[in-house]
Structure formats: structure tokens, C-alpha cells
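J.: Chains as they are written, first to last, in this note's numbering: chain V, 54 to 290; chain D, 36 to 85; chain Z, 46 to 288. By construction, the Cβ of each residue, glycine as well, lies at the ideal position given by its N, Cα and C atoms. No experiment lies behind these values; they were computed from the predicted model shown.
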Amino acid sequence: MGSPPLFYRWSSKIMPWLGILAIIFLSIGLFWGLLIAPTDYKQGDVYRILYVHVPSAILGQSIFMFMAACGLINVVWRAKISGMMLKSAAPIGMSFTLIALVTGSVWGKPTWGTWWVWDARLTSTLILFFIYAALIGLYSSIDDKTKADRAVSILSIVGLAIIPVIKKSVDWWQTLHQPSTFTLTSSPSMSPDMYQPLLLCVIGFYLIFAFTLTLNLRNEVIDRERSKNWVKQIFVN
Amino acid sequence: MLENFNNLLYMDGNGLFVWFCMAFFVLVVSLNILYAIKKKRQLIKLIRSL
Amino acid sequence: MLLQGTDLQILTQPLLRFDMKSSVLDWLGIILKRDLIIAFRRSSTYITPLVFFLIVITFFPLALGPQESLLSSLAPGVIWIAALLASLLAVESIFSEDFRDGSLDDFFISLEPSFILVFAKVMIHWLITGLPILIASSLAAIILYLPLESFVPMILSLLLGTSFMSLLGALGAALSLGKSAILSAIIVLPFSIPTLLMGTSVVTFSLNNQDYSGFLMMMGAMLAIGIPLLCLLTVEALLLNYD
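1) Put D196 of chain V into one of helix, strand or coil per three-state DSSP.
2) Return the CA-CA distance between V170 of chain V and W226 of chain V, expressed in angstroms with no decimal places.
3) From the DSSP output, in three-state form, read off G97 of chain V for me.
4) Which whole-angstrom value is the C-beta distance of G136 of chain V and R203 of chain V, which I expect to be below 8 Å?
5) Along the segment 159-181 of chain V, what residues have a CB closer than 7 Å to any CB found in chain Z?
6) Using 9 Å as the threshold, is the C-beta distance between V218 of chain V and A173 of chain V below it?
7) Would you say A143 of chain V and M120 of chain V are within 9 Å of each other, going by their C-beta atoms?
8) Taking only beta-carbon atoms, is I207 of chain V less than 9 Å away from chain D?
9) Using 9 Å as the threshold, is the C-beta distance between L83 of chain V and V107 of chain V below it?
10) Using 8 Å as the cut-off, can you tell me whether the segment 196-206 of chain Z makes contact with the segment 270-286 of chain Z, which would need three or more C-beta pairs spanning the two stretches below that distance?
11) Tell me the start and end of each unbroken alpha helix (DSSP H) in the segment 177-265 of chain Z that is at least 4 residues and wholly inside, in chain order.
12) Can you give me the start and stop residues for the alpha helix (DSSP H) that D47 of chain D sits inside?
13) Mind pulling the chain V residues with CB within less than 7 Å of S118 of chain Z?
14) In terms of residues, what are the limits of the alpha helix (DSSP H) holding P121 of chain Z?
15) Which two residues bound the contiguous alpha helix (DSSP H) that contains S280 of chain V?
16) So with CB distances below 8 Å, who are the chain D contacts of F288 of chain V?
17) Quick check on the DSSP output: the alpha helix (DSSP H) that includes E142 of chain Z runs from which residue to which?
18) Among Z:L191, Z:M199, Z:V233, Z:L99, whose alpha-carbon lies nearest the alpha-carbon of L208 of chain V?
19) In the structure shown, what three-state DSSP assignment does V289 of chain V receive?
20) Look at the alpha carbon of G50 of chain Z and the alpha carbon of G265 of chain Z, and state the distance between them as a whole number of angstroms.
21) Restricting to Cα atoms, I'd like to know which of V:I180, V:S141, V:W165 is closest to T265 of chain V.
22) Below 8 Å CB to CB, which residues in the same chain sit around L278 of chain Z once its five sequence neighbours on both sides are set aside?
23) With a Cβ-Cβ cutoff of 9 Å, do T90 of chain Z and A135 of chain Z count as a contact?
24) Given 8 Å as the limit, tell me if T178 of chain V has its C-beta closer than that to any heavy atom belonging to the ligand PLP.
25) Give the C-beta separation of I200 of chain Z and S182 of chain Z to the nearest angstrom, bearing in mind that I take them to be a contact with Cβ-Cβ under 8 Å.
26) With H, G and I counted as helix, E and B as strand and the rest as coil, what does DSSP make of L85 of chain D?
27) For A110 of chain V, count neighbouring C-beta atoms within 10 Å of its own C-beta (all shown protein chains included) and say buried if the count is 16 or more, exposed if not.
28) Do the CB positions of M243 of chain Z and L129 of chain Z come within less than 9 Å of each other?
29) Anything in chain V within Cβ reach of K224 of chain Z, meaning under 7 Å, just list it in chain order.
30) Less than 8 Å between the CB atoms is what I'm expecting for D47 of chain D and G97 of chain V, so what's the real figure, rounded?
31) DSSP on F235 of chain V, reduced to helix/strand/coil?
32) K133 of chain V versus chain D: which residues are under 8 Å apart at the beta carbon?
33) Spatial neighbours of Q114 of chain V within its chain, please: CB distance less than 6 Å, with the 5 preceding and 5 following residues excluded, ordered by chain position.
34) Is the distance from the Cβ of P57 of chain V to the Cβ of V205 of chain V below 9 Å?
35) I'd like to check one pair, A71 of chain D with N269 of chain V: are the Cβ atoms closer than 9 Å?
36) Any C-beta of chain Z sitting closer than 9 Å to the C-beta of A186 of chain V?
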């Protein structure tokens, strides 16, 4: 998908399929998870928040990894399309991180009795959210688009290097200040009929990310190529 | 029927928390998509006016 | 007032001397000398972060009350937060002056490894913010009733931490060159969280008589990786302005 017109045509064919598949996976996964899957014997029905919380937390992190990979490609090979991908992925990643934070805190209220606990995972998700905010803030401050892409690419590489350090240090910090008595997800003890719908949800979330990414990327492509002939041929009849 | 609905909504008492999370997810994702669609409309208008 | 004829020559000469063959260390020395002279001419560059640091430290007892036990338990965090904010205060000035008057352009044209330029700028930033804070931190520790045994770990952790902050700050300054100073702070702050966590852990561990050497090693490792990686990325970020 090197050339923008090729990408635009190719993506218009694949995008409806992404959308349909995302809706299918999400509706089956969420219906199964929220209504059919058995109740957790310890937490009761609140555990069902997991079917939204865990996939969005996974997405929040893997979108960042995706962005950092794009940033690396953009800095090293100066590939423009990877810069556009980076820009299109950033708001989606931030949204999923926000969902993970909000659902995590809503989950905390009935299970722990407070809206917020300085749990290691919640804390590092909050920091991830701030890093997304920093990336988007840097974007909006630079007018020249290629320049903004490269600047954010550079920052995302630093993020890639520092995120493992953040996780590790938050873990240490947490064991230092309070013994970790809370764990949200006890994955090894999860039974298959709880795990299978979760898997479907995760796939569905990835698909909805791919769909939204393609939407944003197409906008980005026609925005930057707006004076080119092929864009005019498509939109001006 | 109504009892069924109540069971669905409240589950074992904390159902509203679950449905809130669900609704929040749908809201944020659809806002993302709607924003992209709106931006595309603006872009098309801009390109036509060029 | 400090500078008379010979000093002024240093300010103008290096650019001529770059054309001759000289080693990388010579260049480092020349840039350091030049920037130190510029920094010492305007005393606000090194006084401001220092005063800011001490004022922030003073605010905590005023806001929280003067109980000794409370203050000494909060001291590690308070000192570290104040140090982070103070070292961010001067971040914007790392490149902005040279960018505005065009000396940065000259450096990039004449200086082969621009890595050296960035490294020198980071060192200067540390010398005018990190070092004064390091010295003032022992004063802050006395005000906040930090036990005397924790002084050495506090100084060591601040030494490693403020150096890393200068590196990060240089990247933030390069990315937000010509923009508002608050932008560079917002860019840098989320990335400084591990430094804050490990730095405060060092001091807290020493308060509890626990072994803190692991955190110091981790901070040293971050610095060792950070110097090449962040300097190279800062060069890349600066080059964005010269496409």
C-alpha cells in the first residue's frame, strides 16, 4: 500500500468487511459474556465488567506498541504512511485507555468499596493515558504535518523504551507502599466458559480498532493529498 | 416478563455498574467513529470548493 | 562585568576554530566554556531554579503544618517533586536562545557530530539547574527534618535523577522549540515518572534502613541507556527545524 490512491481504493473494499466482522464478534462476545457466561462465585455478576475492561486495557497497550513501531519506521525510513498511521491511531488508543480506566474504577466501587485504588495496573494505565495525552498535545502544537509526524514519532520511541521501566517501577512502588491484596483478574483460575467469550471480545475490539484506524487513515490521506488529481477525480464529479 | 427484565438489568444487585461500563464503551467508540465521519464530510466539502 | 576582552573572544572564536581539525573533546570543551560564560553572565539562569526549589519546599510545611513526624515521612516525596519541577523550569532555555539568534544553525553547519552539541547542552543544563538543586537539597532536608543518615542516598539519587531529567528536558525542549514552555513540561512529565518513583524509593528505603542499592543501579542503568538514546533522538528532533 505504498501509494496513497492504491491504499484508498484497497481500503474502501476492505473496510465494510472490517466493520461487519467487528459487529459480529462484539455482539456475540458481549452477549455471551454479559448474559450467558456463568456468574463468578466470588465477585458475583460485577466480574462481567471484565468483558469490556480487559480488552480495552489490552488494546490501550498494544495500540501504543503499534504506534511506537510506526514511529520507529517513520524515523528510520521516513515512510510517510507510517506517520499518518501513528497520527490516526493516537486518539483511538487514548479512547481505549480511557475506557479501561473508567471501567476499572467502576469495577472498583462494588468490589473494593472505592472508586480508585492505587493498584499497580490502574496506576500504570493512568500513566499510559498521560503519555497518550503528551503525544496528542505535541501533535496539536506543530502546524506542519510531516514535521509533527516526525516529532511525535521521536517521542513515541522514548515511550516504547520507558514503558517497561514504568511498569517495573510501579510494581516496586506498590509492593513498597501496600501489599497487593487486590487482583482484578485471576486468569489462571478462569474457566473456559468465561474465557471463550473474553477471547471473542478481544478479537472484536481489535477489529473495531482496525475499522476506526482505517477511517481515520483515509481522512488523513485525502487531507494531505487534497490538491492531487486522484482525490479530485474521486470526489468532484 | 418484567421480572425477567429486572433480572437482566440488576443481575445480582450490581448490574447497573456492568451496563454503565458497556454503555460507556459504546459511547466512546461511536464518538470516535462519528468524529471520523464528520471530518470526512468536511474534507469532501473542502475538496469540492477547491 | 566578569568578562573583558579575552572572554568576548571565546564567544566569537569557536566558530572559526571549528574549521580546523580538532578532536571531539576539544569541541565539547569549547561549547561548554561558551555556554557557561553565557549562563554566568545572566545570574537568573542558575538562581531561578534554585529559588523556585526552595520556595516549593517551604510551601509544604506551611500547607501541611509543622509536625516533625509528618514532615520527615513526607520529605523524600516533597524534595523529589520540587527537584523535578525546578529542573523543568529552565528546560525551555536549553536551545531557544541559540535557535533564535542563529548560533544553532552555525553549530549544525560546522560541527560534524551534532551529538556532542546536544551532550554539551545537557551538561550545561545540569550544571545550572541540577547542581544548585543538589546543593540546596541538603538545606531542604534539614528544613523537613529528614534524618541525617538519609542525606547520602538522597544526594546520590538526586545526582542520577536530575541528570536523567536534564536529558529528558533537552528532548522536550528540542521538540517544542519555539513553542510555549508549558508544552515541554507536559511532554516531559509523564516520562519522568519512573525517575520520581525510584528516586523517592531510594530515600524512603534508607529511612526504613532497607537496602536501596537496587534502585540506584536501576537509575544508573536508565542514565546509561538514556545518554546515547535521548541525545540521538534530540539531534533528530532539532534537525526537524532544518529540513
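T.: Reading from the atomic positions:
1) In the three-state scheme derived from DSSP, where H, G and I count as helix and E and B as strand, D196 of chain V is classed as coil.
2) Computed Cα separation, rounded: 14 Å.
3) In the structure shown, G97 of chain V adopts extended strand secondary structure according to DSSP, grouped into three states.
4) With a Cβ gap of about 7 Å, G136 of chain V and R203 of chain V count as contacting.
5) Cβ contacts with chain Z: I180.
6) Contact flag unset, no.
7) Contact: yes.
8) For I207 of chain V, the answer is no, since every Cβ of chain D falls outside 9 Å of its Cβ.
9) No. Outside cutoff.
10) The answer is no - the segment 270-286 of chain Z does not touch the segment 196-206 of chain Z, with fewer than three Cβ pairs under 8 Å.
11) DSSP assignment within the segment 177-265 of chain Z yields the following whole alpha helix (DSSP H) runs of 4 residues or more, N-terminal first: 196-220, 226-233, 238-252.
12) Per DSSP, D47 of chain D belongs to no alpha helix (DSSP H) and is neither H nor E.
13) Chain V residues near S118 of chain Z: none, gap ~12 Å exceeds 7 Å.
14) Here the alpha helix (DSSP H) through P121 of chain Z covers 113-134.
15) Here S280 of chain V belongs to no alpha helix (DSSP H), and DSSP marks it neither H nor E.
16) The contacting residues are I79, I82, R83.
17) Counting along the chain, the unbroken alpha helix (DSSP H) around E142 of chain Z starts and ends at 138-146.
18) Of the listed residues, the one whose Cα sits closest to L208 of chain V is Z:V233.
19) In the structure shown, V289 of chain V falls within a coil segment according to DSSP collapsed to helix, strand and coil.
20) Reliability fails at G50 of chain Z, whose pLDDT of 47 lies under 50, so the model's placement of it is uncertain and the value that follows must be treated cautiously. Put simply, the backbone Cα of G50 of chain Z is about 42 Å away from that of G265 of chain Z.
21) Selected option, being the one with the closest Cα: V:S141.
22) Contacts found: L216.
23) Going by C-beta atoms, T90 of chain Z is nearer than 9 Å to A135 of chain Z.
24) Here there are no bound small molecules, and the ligand PLP is not part of this structure.
25) At roughly 7 Å, the Cβ-Cβ gap stays under 8 Å, so I200 of chain Z and S182 of chain Z are in contact.
26) The DSSP-derived three-state label of L85 of chain D is coil.
27) Classification for A110 of chain V: buried.
28) No, the pair does not count as a contact, with Cβ atoms beyond the cut-off.
29) Those within 7 Å of K224 of chain Z in chain V are S194.
30) Cβ-Cβ separation between D47 of chain D and G97 of chain V: approximately 5 Å, consistent with a contact (criterion under 8 Å).
31) Low per-residue confidence applies at F235 of chain V: pLDDT is 47, beneath 50, and the placement is therefore not dependable, though the value from the model is reported in the following sentence. Coil at F235 of chain V, not helix or strand.
32) Residues of chain D passing the Cβ test: none, with the nearest at roughly 18 Å.
33) Residues of the same chain with a CB within less than 6 Å of the CB of Q114 of chain V, apart from the 5 flanking positions on each side, do not exist.
34) Contact: no.
35) Taking a C-beta distance under 9 Å as the contact criterion, N269 of chain V and A71 of chain D qualify as a contact pair.
36) A186 of chain V counts as touching chain Z.
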